[in-house]
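For reference, the structure discussed in these notes is given below.
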Amino acid sequence: MKLSTLYLTSLALLPSFIAAAAVPDAASRSEEASVIGKRGPEVNYIANCNRVNGSGSYQASYVAWYANQDNSQNGQWPDSLSNEYRNWGNGGTYLDWTQKQSIYFSGSGVSLYTQLESWAWSASTGNYAGTAIRSSDGKKFTCYRDVDRQLFYWSPPVPDGTDRAIQCFAAFYCN
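Okay, so the sequence shown: first residue is 510 according to the working numbering, each after it adds one.
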């Protein structure tokens, strides 16, 4: 009995398919590590932050852009930080990120338009939460829920020249 080359080749590849199916997707990684694996080469973090000095603190919202997501995992400062935003309709607290926002980066003249879903805050870590579009080139980013981990702490001098440190927590990431 003669076996065709195609038949033998498909039999030779069968163990590879079986082995690939047997590798568990959720190895013993932390939730945060599995989120990091989904990120791309550049990333925008939608962040809720505290502005702090010796006389007190207040809440503010920012978007932090990193050219390389690997440089956003150990408290590093972003490559570009948006202007500061506050929700004055709610006493100066964080922005309502589930509403469409136009976030401006004064250092580059670029805006990022965010459009998170109404249910974004209840999304599980690493799950889809909405989109964002960069004004300079129209690039569309997909946004995911982050773990509200501390992204960075920036002591004065800070980009806006004030005497207040910026402590930011990653609410969502977009890549």
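Glycine included, every Cβ here is placed at the ideal spot set by N, Cα and C.
GLN578 has its alpha-carbon roughly 17 Å from the corresponding atom of THR634. CA-CA distance, LYS609 to ALA638, rounds to 13 Å.
A distance below 6 Å between beta-carbons, with the five flanking residues on each side excluded, links TYR662 to the following residues of its chain, in chain order: GLN676.
By the Cβ-count criterion, ASN599 is exposed, with fewer than 16 other Cβ atoms from all chains shown falling within 10 Å of its own Cβ. Per DSSP, SER627 lies in no beta strand (DSSP E) segment and is marked neither H nor E. Contiguous beta strand (DSSP E) elements confined to the region 548–611 occur at 552–562, 565–575, taking only those with 3 or more residues. Comparing alpha carbon positions, the residue from SER664, ASN684, CYS558, ASN562 closest to LYS648 is ASN684. Here THR640 carries a strand assignment [DSSP, helix/strand/coil]. SER644 and SER564 have their C-alpha atoms some 37 Å from each other. Taken atom to atom, the span from the alpha-carbon of TYR554 to that of PHE681 is near 6 Å. Around the Cβ of SER591, a 10 Å sphere holds 16 or more other Cβ atoms; the residue is buried. Membership of ARG654 in the beta strand (DSSP E) is indicated by the continuous run 649–654. Short of 8 Å from the beta carbon of ALA629, and not among the five residues preceding or following it, lie these beta carbons of its own chain, in chain order: TRP606, THR607, ALA638, GLY639, CYS652, ARG654, PHE681.
The secondary-structure analysis by DSSP pairs LEU621 across a beta bridge with ILE612, ARG643.
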